[in-house]
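Chemist:
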Amino acid sequence: MRYRKLTLALALAVCLSGAIALAAKVMSVSVRDGQVRQSPSFLGKIVGKASYGQSVDVSAEQGDWAKVTLPGGVSGWMHRTALTTEKLALASGGAGGTGSVSGKEMALAGKGFSAQVEADYRRSHGGDFAAIDAMERISYNPSQLLAFLSKGDVHPQGGAK
């Protein structure tokens, strides 16, 4: 009798652990180009990319970082600001539209903007945003950035090597 209870308890524990493993949180990428990194740091090597609206499985969390697995099997870390629990759909917002969206529309949507919201902001705040647009196009090689930081005796936190 005691042997049966122990066997039943062990079987229940195995089933529950399997169910928990299968219940990984699914999130959507909320930025145009989500970078999947080898370590939970903005300076970690990029091992994959995820597109706006793509679903990813989250298996762990560490601070502001989530360990994700892409549908193709690539696994790594994404910053939580690039993820949302909402299911994102790519659809045209206008009647009679083509049914697709541009890359700029996807990027704005991922940031919570639309063309109308941006136009209203420009109208109410004035100014020329060309310099900001130019800064958004700048990219740096992570190894060059780490070398620069090392020369300045700056030691980034968050797992950069």
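Residue numbers (mature numbering (1 follows the signal peptide of the UniProt record, and there is no 0)): -23 to -1, 1 to 138.
No residue lacks a Cβ here, since even glycine has one placed at the ideal position from N, Cα and C.
#1: Mapping the DSSP letters down to three states, classify L(-2) as helix, strand or coil.
#2: Determine which residues share a DSSP beta bridge with residue 164 and list them.
#3: Compute the Euclidean distance between the alpha carbons of Y29 and G49, then round it to the nearest angstrom.
#4: For T46, which residues from the same chain have a beta carbon less than 7 Å from its beta carbon, with the 5 sequence-adjacent residues on both sides left out?
#5: Between K22 and Q15, is the Cβ-Cβ spacing less than 8 Å?
#6: In angstroms with no decimal places, state the Cα-to-Cα distance between D97 and G103.
#7: Is it right to say G129 is buried, meaning 16 or more other beta carbons lie within 10 angstroms of its own, or is it exposed?
#8: Once DSSP output is grouped into helix, strand and coil, what is the label at R14?
#9: Please state whether the Cβ-Cβ distance between L123 and L60 is less than 8 Å.
#10: Can you tell me where the alpha helix (DSSP H) with A124 in it begins and where it stops?
#11: Let me know if V13 comes out buried or exposed under the rule of 16 or more other beta-carbons within 10 Å of its beta-carbon.
#12: Count the other C-beta atoms from every protein chain shown that fall within 10 angstroms of the C-beta of A43, then say buried if there are 16 or more, exposed otherwise.
Modeler: Reading it off the structure:
#1: Against the sequence shown, residue -2 aligns to sequence position 22. The predicted position of L(-2) is uncertain, since its pLDDT is 45 and thus under 50; a value taken from the coordinates is nonetheless stated next. Reduced to three states, the DSSP call for L(-2) is helix.
#2: Residue 164 lies beyond the stretch modelled for the chain, which goes from -23 to 138, so this question has no answer here.
#3: By 1-based counting over the sequence shown, the position of residue 29 is 52. By 1-based counting over the sequence shown, the position of residue 49 is 72. Approximately 16 Å, taken between the alpha carbons.
#4: Translated into positions along the sequence shown, residue 46 becomes position 69. V33, D34, S36 and S52.
#5: The residue given as residue 22 occupies position 45 in the sequence shown. The residue given as residue 15 occupies position 38 in the sequence shown. Against a cut-off of 8 Å, the Cβ pair of Q15 and K22 comes out as a contact.
#6: Numbered from 1 along the sequence shown, position 120 holds the residue referred to as residue 97. Numbered from 1 along the sequence shown, position 126 holds the residue referred to as residue 103. Those two C-alpha atoms are separated by around 10 Å.
#7: Reading the sequence shown from its first residue, position 152 is the one you call residue 129. Burial call: exposed.
#8: On the sequence shown, position 37 is the one that residue 14 refers to. Note: R14 maps to strand in three-state DSSP.
#9: For the purposes of this step, residue 123 is taken as the residue at position 146 of the sequence shown. For the purposes of this step, residue 60 is taken as the residue at position 83 of the sequence shown. Against a cut-off of 8 Å, the Cβ pair of L60 and L123 comes out as no contact.
#10: If you number the sequence shown from 1, residue 124 lands on position 147. Looking at the DSSP string, the run of the alpha helix (DSSP H) that includes A124 is P119 to K128.
#11: As a position in the sequence shown, residue 13 is number 36, starting the count at 1. So V13 ends up on the buried side.
#12: Counting from one through the sequence shown, the residue named residue 43 turns up at place 66. A43 is buried by the Cβ-count criterion.
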